[in-house]
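**Student:** One structure, pasted below without further comment.
In this note's numbering, the protein residues as written are 120 to 291.
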């Protein structure tokens with residue numbers, strides 16, 4: 120299973136952040152990515168050291184023949200096509216696509232470069248774990264061995280309660 124976290128808190132020419140996530144998902148096939156399942160979208164408070172608009176977040180299960188490095192490059196290309204400018208950490212975003220898991224691989228191997236898998240902060244992010252539980256509650260963190268459901272229950276109640284469901288799950 121390949122898992123991609125989706126997020127946005129700025130509108131663009133496509134409309135609202137939610138509409139931006141939907142438009143980005145519609146572009147995945149153009150980049151060699153097949154959308155299998157999409158979680159509900161949630162409105163979540165921005166987790167930053169300064170005030171900014173709430174995010175719309177979700178998780179998609181996808182399939183692709185691309186290796187993890189190429190897949191991550193494609194995700195960055197999609198972000199760029201939607202106006203994402205990389206540079207400042209914690210910046211507001213028109214689109215944020217994070218590779219969360221790629222078939223339970225643990226990367227990089229000793230001293231290697233490329234994607235870090237699983238995503239190094241997935242276990243502490245309610246805004247990723249909540250949507251993940253909706254589509255893959257039994258997914259297990261490849262290093263911790265803990266299920267998505269268990270990880271979500273372990274994050275702070277404030278983080279969990281700050282999430283507001285906007286849509287329902289869908290199949291690709």
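Note that the Cβ used here is the ideal one computed from N, Cα and C, for glycine as well.
Predicted model, so just to flag it, every value in this text is computed and none were measured.
I need the straight-line Cα distance from residue 250 to residue 202, nearest angstrom please.
**Tutor:** 24 Å
**Student:** Just the C-alpha distance for residue 146 and residue 169, rounded to the nearest angstrom, thanks.
**Tutor:** 31 Å
**Student:** Return yes when the Cβ of residue 126 is within less than 8 Å of the Cβ of residue 174, no when it is not.
**Tutor:** yes
**Student:** Determine which residues share a DSSP beta bridge with residue 226 and list them.
**Tutor:** According to DSSP, residue 226 bridges with 236.
**Student:** If distances are taken between C-alpha atoms only, which option among 224, 177, 137, 171 comes closest to residue 188?
**Tutor:** When only C-alpha atoms are compared, the closest one is 224.
**Student:** Would you identify the three-state DSSP class for residue 284, choosing helix, strand or coil?
**Tutor:** strand
**Student:** Hey, how far is the Cα of residue 184 from the Cα of residue 281?
**Tutor:** Roughly 36 Å between the two C-alpha positions.
**Student:** Just mark residue 234 as buried or exposed, buried being the case when its beta carbon has 16 or more other beta carbons within 10 Å.
**Tutor:** buried
**Student:** Name the one or two DSSP bridge partners that residue 244 has.
**Tutor:** Residue 244 pairs with nothing; no bridge assigned.
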